[in-house]
Ligand SMILES: [Fe+2]
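Residue numbers (full-length UniProt numbering): 1 to 288.
Structure representation (structure tokens):
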């Protein structure tokens, strides 16, 4: 069992960069750096936590799962190889681009590229947000969460909970959707696995979530989205399970960015796994 401490970073292949850059910068308040056909978003003291690459089709390029030391990374490599999984060591160029000390990678369910890393590079200067916000909730909770559609949700759940230290948080079943929520630290979920519902195909990247420190950060972002007519997947609402108050920006590449406040945290010593029959307490209405 490999102890994963957090989702450290994520990379996404996108078909469009300009409006995404605007959303990250002026709606989310990230510190965005454009490098030709790439976008990097910084949300805390780390060099960056999000990377976006211009591509022909949208997909999750990789998710970076953090381990606690270089020794843990070597042990993880041996453990995965011992189980017959194919593991590759990062090249120097990959380590530099991800801004980490060391990294290995493998393919998970539905071909998702999982990167295990240690040693995120820190920036010396404070974060310079794209708009005035109180800040992002990261630290030991990690970047946020990602949601994927899986060909076999149960098999994917076993993969992440048997090879890695992901633990079951809860489930939501509604309409044609089945979702399993997993945590690796107190953040309610770092990874959510869904069946290929609502037209999603197996392996499809549905959304990533960024959490901010104030409901006013969310409210002001919502004002900007409404004023500028930026498309949404779902309007403002509050989730049943993690109780996050959030809304979902629809990117032109087809994935969503959930921008939220106030998610509950999991204490593994006192946590009951629940089953919900709806994703929202209120709001989160699907937008045309
Ligand atoms: Fe979410």
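For glycine and all other residues, C-beta sits at the position ideal for the given N, C-alpha and C.
Among the options, nearest to residue i - alpha-carbon criterion
i: residue 107; options: 137, 63, 142, 119; result: 63
i: residue 90; options: 82, 83, 39, 100; result: 100
i: residue 229; options: 186, 277, 287; result: 287
i: residue 191; options: 201, 212, 161, 219; result: 161
i: residue 278; options: 241, 109, 130; result: 241
i: residue 271; options: 224, 20, 212, 167; result: 167
i: residue 221; options: 275, 179, 243, 132; result: 132
i: residue 15; options: 55, 218, 164; result: 55
i: residue 117; options: 142, 65, 251; result: 65
i: residue 232; options: 75, 180, 253; result: 253
i: residue 249; options: 274, 223, 194; result: 223
i: residue 178; options: 276, 102, 227; result: 276
i: residue 51; options: 260, 40, 186, 1; result: 40
i: residue 119; options: 104, 197, 244; result: 104
i: residue 145; options: 17, 157, 182, 227; result: 182
Coil, strand or helix - residue i by DSSP
i: residue 127; result: coil
i: residue 78; result: helix
i: residue 19; result: helix
i: residue 269; result: helix
i: residue 245; result: strand
i: residue 154; result: helix
i: residue 172; result: strand
i: residue 162; result: helix
i: residue 213; result: coil
i: residue 68; result: coil
i: residue 139; result: helix
i: residue 177; result: strand
Rounded distance between the beta-carbons of residue j and residue i, thought under 8 Å
i: residue 4; j: residue 67; result: 7 Å
i: residue 207; j: residue 172; result: Actually they are not in contact, since the Cβ atoms of residue 207 and residue 172 sit about 14 Å apart, beyond 8 Å.
i: residue 199; j: residue 111; result: With a Cβ gap of about 19 Å, residue 199 and residue 111 do not count as contacting.
i: residue 23; j: residue 170; result: Not really, about 29 Å apart at Cβ, beyond 8 Å.
Bridge-paired residues (DSSP) for residue i
i: residue 183; result: 167
i: residue 95; result: Answer is none; residue 95 lacks a bridge partner.
i: residue 13; result: 53, 59
i: residue 290; result: One cannot answer for residue 290 here, as it falls past the ends of the chain, which runs 1 to 288.
i: residue 306; result: One cannot answer for residue 306 here, as it falls past the ends of the chain, which runs 1 to 288.
i: residue 88; result: 105
i: residue 207; result: 147, 256
i: residue 32; result: 41
i: residue 100; result: 120
i: residue 1; result: Per DSSP, none; premise fails for residue 1.
Outcome for residue i when other beta-carbon atoms lying within 10 angstroms are tallied against a minimum of 16
i: residue 269; result: exposed
i: residue 126; result: exposed
i: residue 34; result: exposed
i: residue 96; result: exposed
i: residue 70; result: exposed
i: residue 114; result: buried
i: residue 130; result: buried
i: residue 36; result: exposed
i: residue 78; result: exposed
i: residue 8; result: buried
i: residue 285; result: exposed
i: residue 212; result: buried
i: residue 49; result: buried
i: residue 176; result: exposed
i: residue 265; result: exposed
Proximity test, Cβ basis, 7 Å: residue i and chain C
i: residue 284; result: The structure shown has no chain C; it contains just one protein chain.
Residue i: CB within 6 Å of a non-hydrogen atom of ligand 2
i: residue 265; result: No copy of ligand 2 occurs in the structure displayed; its ligands are ligand 1 alone.
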